[in-house]
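Here is the structure we will look at.
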Amino acid sequence: MKKKMAMGALLIFSLVSLTACQSIQNWWKNTKEEWIGLEMTVRTFDENSQLIDEMSGKSLSISRNEDFDSVDSEGNSQADSTVLKVTIGNYEVDHVGSSLIASEKGLEDLYAKYQTTVDIANYDHSVPLVNRMVSSLKNDFTGKAKVILIRSQNGTPLATYVGDKVSLYASDAPKTSELLIDGKRLVIYRCDYTIYDRALLEE
């Protein structure tokens, strides 16, 4: 009986650990986006961070448009298309060139709060290798409290997002980054951005 209880407790602990794991959440978010779609808002901007257009949908997904991939001499895809295919319900939009930000419902752009220039002075003595290792582990398992400052391609401030658990992931689309912010998806395409530890800005 005690053995069964111990096994049950171990199983529950394992499930809770997996649920908390950022990489597992990211995998689930990608799967949900591919099969069901996410409730998201997509905004595109010119180089001066002026809004060009905005689209929202309850079943939205973003992927690389493979039709524009180049091929090698043997006819194999190079997976290098910079054209994004945005699917909104039964409709499709192809996008290339201008900056694009897609945010899942529940994420708030806090640009107004953090629009002033960030000046950071950190005199803490630390070992860079250890910092990188800790950051890497937190990225995969728990995430870290971060501030994401996004700029247009010419460096004009564009948007700001803040989260308690933030992880950054590669995308299969060139010039595109994906973030998981407190369980919500953020897609950044053709933008400059800096991701700060939030404690660094709040000291």
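FYI, in mature numbering (1 follows the signal peptide of the UniProt record, and there is no 0) the residues of the sequence shown are -19 to -1, 1 to 184. The C-beta atom is built at its ideal place from N, Cα and C for all residues, glycine as well.
Check	Outcome
Selected residue, minimal CA-CA separation from S51, among A60, R45 and S44	A60
Simplified DSSP assignment, three categories, for S62	coil
Assigned secondary structure, R171 (DSSP; H/G/I helix, E/B strand, else coil)	coil
Whole-angstrom distance between L32 and D90, CA atom to CA atom	14 Å
Counterpart residues of K165 in DSSP-defined beta bridges	I162
Option nearest M127 by Cα separation, candidates L139, G70, E35 and V143	Residue identity check: residue 127 is Lys in the sequence provided, not Met. Considering only alpha carbons, the answer is V143.
Presumed contact (8 Å Cβ cut-off) between G18 and S37, rounded CB distance	Wrong, their Cβ atoms sit about 12 Å apart, outside the cutoff.
7 Å CB neighbourhood of G164 in its chain, flanking five on each side removed	Q6
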